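Engineer: Sharing a structure with you now.
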Amino acid sequence: MMNWTKRPEGSNWGDFGADDELGRLNLIGPEQVRAGLATVTEGRTLCLSLPLDLPGGNLLNPRRHPPRLSPTELDGAQYVNFPLANLDPALRDVISDDRVILYTQYSTQWDSLAHVGAMFDVDDNGVPEKVYYNGHRADRDVLAPAKTGGSSRAERLGVETMATHGMQGRAVLVDLAKVFGTNRRVIDRDDLMHALDATGADIRPGDFMMLRTGFAERIVEMNGAPDVEALDRTGAVLDGHDLALLQWITDSGIAAICADNYAVENPDPPLGATLKLPLHHHCLFKLGLPLAELWYLADLAKALDALGRCDFLLTAPPLRLPGALGSPVTPIATI
Ligand code: UVW
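Take a look at the structure:
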């Protein structure tokens with residue numbers, strides 16, 4: 140039995156099963172993994188993560204702060220350069236051991252499907268309620284603060300579902316920075332089609348679509364002191380209000396979108412918009428299609444350019460952290 144009476148127009152709710160939590164990741168199966176492996180010619184790997192303490196500060200998003208590392212502690216002792224001789228004079232070992240306060244979406248990250256939901260009249264009774272992908276009810280099934288004691292641990296749709304699926308397969312880089320330059324530009328469907336043609340990017344169902352805009356490279360140049368006004372003028376962002384672009388995402392069969400910018404889409408909605416993040420709404424909420432942000436794609440772009448191709452094998456599992464709403468990730472491209 141479905142979790143809903145009415146599903147949002149243009150959604151795929153129910154298509155992968157009533158209780159599905161994987162959404163479009165269901166389209167990555169053995170064939171897509173083999174297709175990814177088949178692209179490997181050089182046996183070379185590239186890291187697609189920023190250092191996780193970038194962008195630096197909390198100006199890009201005041202809610203999110205850089206990671207804070209500190210030593211583990213026991214009986215008043217801090218375990219950094221800790222000589223076990225302090226406990227037993229016979230021992231010569233020295234131990235260092237740490238913990239971290241980590242905002243899961245501060246830097247290179249995955250959004251889980253529990254990251255953005257919507258108010259929607261899922262029971263078709265005229266009363267909108269908070270709901271996530273596939274009709275999973277926000278307060279009852281996904282994040283029930285009453286049950287979880289106020290924590291943010293998702294019972295459904297957390298990142299661990301992505302981690303256990305594997306997150307490996309064929310990926311295609313669309314180098315928007317190469318086609319359009321690195322000034323801010325809002326990209327609609329026609330622009331994206333032009334970029335696919337111009338770069339020869341051949342997107343297939345089950346692919347990870349990777350968007351390089353030049354944003355993460357600017358962050359690296361800013362070296363921990365981001366100039367937010369300059370970043371606001373940097374790089375392409377998708378136009379989540381372009382219905383033709385959203386329809387292309389639906390029809391293309393892509394499994395996920397990974398961008399080097401902050402939100403994938405234009406974060407400034409037009410006057411009167413009822414959604415601030417319409418691309419997140421379409422992808423996370425309607426299609427169960429994960430988004431990834433702040434990936435570092437410059438080295439990969441150079442390497443693929445030299446090889447004259449756009450496809451590669453991507454391996455990018457999030458942390459298997461039960462209930463997390465997003466996750467840092469260290470994606471690896473194999474070319
Ligand atoms: C929001 O700020 C809602 O999210 P994201 O980092 O996914 O753009």
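Quick note, the sequence shown lines up with residues 140 to 474 if you use the numbering used here.
No residue lacks a Cβ here, since even glycine has one placed at the ideal position from N, Cα and C.
Just so you know, these numbers come straight off a predicted model, no measurement behind them.
If we cut at 7 Å on Cβ distances, does LEU191 have a partner in chain B?
Structural biologist: The structure shown contains no chain B; it is built from a single protein chain.
Engineer: With distances taken between CB atoms, is the gap from LEU464 to HIS275 smaller than 7 Å?
Structural biologist: Position 325 of the sequence shown holds residue 464. Position 136 of the sequence shown holds residue 275. It is not a contact, given that the beta carbons lie outside the stated cut-off.
Engineer: Can we count ALA402 as close to the ligand UVW, meaning its CB is less than 6 Å from some heavy atom?
Structural biologist: As a working mapping, residue 402 is identified with position 263 in the sequence shown. It does: the Cβ of ALA402 is within 6 Å (strictly closer) of some heavy atom of the ligand UVW.
Engineer: Residue range of the beta strand (DSSP E) that MET258 falls in?
Structural biologist: Residue numbering aside, residue 258 sits at position 119 when the sequence shown is read from its first letter. Segment 257-259, the beta strand (DSSP E) holding MET258.
Engineer: Counting pairs of Cβ atoms below 8 Å between the stretch 203-212 and the stretch 223-232, do you hit three or more?
Structural biologist: Flag = no, the stretch 203-212 and the stretch 223-232 do not touch.
Engineer: Does the distance between the C-beta of ASP314 and the nearest non-hydrogen atom of the ligand UVW fall short of 6 Å?
Structural biologist: For this step, residue 314 is matched to residue 175 along the sequence shown. ASP314: no, Cβ never under 6 Å from the ligand UVW.
Engineer: Looking at the ligand UVW, does it come within less than 6 Å of ASP399, judged from the CB to the closest heavy atom?
Structural biologist: Taking the sequence shown and counting its residues from 1, one reaches residue 399 at position 260. For the ligand UVW, not one heavy atom lies less than 6 Å from the Cβ of ASP399.
Engineer: Does the pairing of the stretch 421-429 with the stretch 383-393 give three or more beta-carbon distances under 8 Å?
Structural biologist: Short answer: they touch.
Engineer: Can you grab the Cα-Cα spacing for the pair ARG351 / VAL313, in whole Å?
Structural biologist: Counting from 1 along the sequence shown, the entry for residue 351 is found at position 212. Counting from 1 along the sequence shown, the entry for residue 313 is found at position 174. Cα to Cα, the separation comes out at about 6 Å.
Engineer: Just curious, the alpha helix (DSSP H) that ALA437 is in, first and last residue?
Structural biologist: Here residue 437 refers to the residue found at position 298 when the sequence shown is read from its first residue. Run containing ALA437: 437-446, per the alpha helix (DSSP H) assignment.
Engineer: Considering GLN248, what are the terminal residues of the alpha helix (DSSP H) in which it resides?
Structural biologist: Within the sequence shown, the letter at position 109 stands for residue 248. Run containing GLN248: none in the alpha helix (DSSP H); it sits in the beta strand (DSSP E), 248-250.
Engineer: Under a three-way DSSP split, which group does VAL270 fall into?
Structural biologist: As a position in the sequence shown, residue 270 is number 131, starting the count at 1. Strand at VAL270.
Engineer: Taking the beta carbon of ILE240 as the centre, do at least 16 other beta carbons fall within 10 Å, making it buried, or is it exposed?
Structural biologist: On the sequence shown, position 101 is the one that residue 240 refers to. Under this definition ILE240 is an exposed residue.
Engineer: May I have the straight-line CA-CA distance separating LEU436 from HIS419, to the nearest angstrom?
Structural biologist: The residue labelled residue 436 in the question sits at position 297 within the sequence shown. The residue labelled residue 419 in the question sits at position 280 within the sequence shown. Cα to Cα, the separation comes out at about 21 Å.
Engineer: Compute the beta-carbon to beta-carbon distance between ALA402 and TRP434, rounded to the nearest angstrom, for a pair I have assumed lies under 8 Å.
Structural biologist: By one-based count along the sequence shown, residue 402 stands at place 263. By one-based count along the sequence shown, residue 434 stands at place 295. Rounded, the Cβ-Cβ distance is 13 Å, inconsistent with contact.
Engineer: Cutting at 8 Å between CB atoms, please list the residues of its own chain near THR180, excluding the five before and the five after it.
Structural biologist: Position 41 of the sequence shown, counted from the start, is the residue given in the question as residue 180. So the list reads LEU446 and ILE474, once near-sequence residues are dropped.
Engineer: When you compare the stretch 294-307 with the stretch 320-332, are there three or more beta-carbon pairs, one atom per stretch, that lie closer than 8 Å?
Structural biologist: Touching, no, given that fewer than three Cβ pairs across the two stretches are closer than 8 Å.
Engineer: By the 10 Å Cβ neighbour count, where 16 or more other Cβ atoms means buried, how is ARG207 classified, buried or exposed?
Structural biologist: Along the sequence shown, one-based indexing puts residue 207 at 68. It counts as exposed.
Engineer: DSSP three-state call for HIS275: helix, strand or coil?
Structural biologist: Against the sequence shown, residue 275 aligns to sequence position 136. DSSP places HIS275 in strand when its eight states are reduced to three.
Engineer: Are ASP355 and LEU198 closer than 7 Å when you measure CB to CB?
Structural biologist: Here the question's residue 355 lines up with position 216 in the sequence shown. Here the question's residue 198 lines up with position 59 in the sequence shown. The identity of residue 355 in the sequence shown is Ala, whereas the question assumes Asp. No. Outside cutoff.
Engineer: Please work out which residues of its chain come closer than 8 Å, Cβ to Cβ, to PRO147, disregarding the five sequence neighbours upstream and downstream, and give them in chain order.
Structural biologist: The residue you call residue 147 lines up with position 8 of the sequence shown. Excluding positions up to five away in sequence, the list reads ALA257, PHE259, PHE424 and LYS425.
Engineer: What are the start and end residues of the beta strand (DSSP E) that includes SER209?
Structural biologist: The residue you call residue 209 lines up with position 70 of the sequence shown. Looking at the DSSP string, the run of the beta strand (DSSP E) that includes SER209 is 207-210.
Engineer: Tell me CYS449's beta-bridge partners as DSSP assigns them.
Structural biologist: As a first step, residue 449 must be located in the sequence shown, where it is residue number 310. Per DSSP, none; premise fails for CYS449.
Engineer: Which of the three DSSP states, helix, strand or coil, is assigned to PRO84?
Structural biologist: In this structure the chain extends from 140 to 474, so residue 84 is not present and cannot be described.
Engineer: Please tell me whether, using a cut-off of 6 Å, the distance from the CB of GLY305 to the nearest non-hydrogen atom of the ligand NAP is below it.
Structural biologist: This structure lacks the ligand NAP; the ligands present are the ligand UVW.
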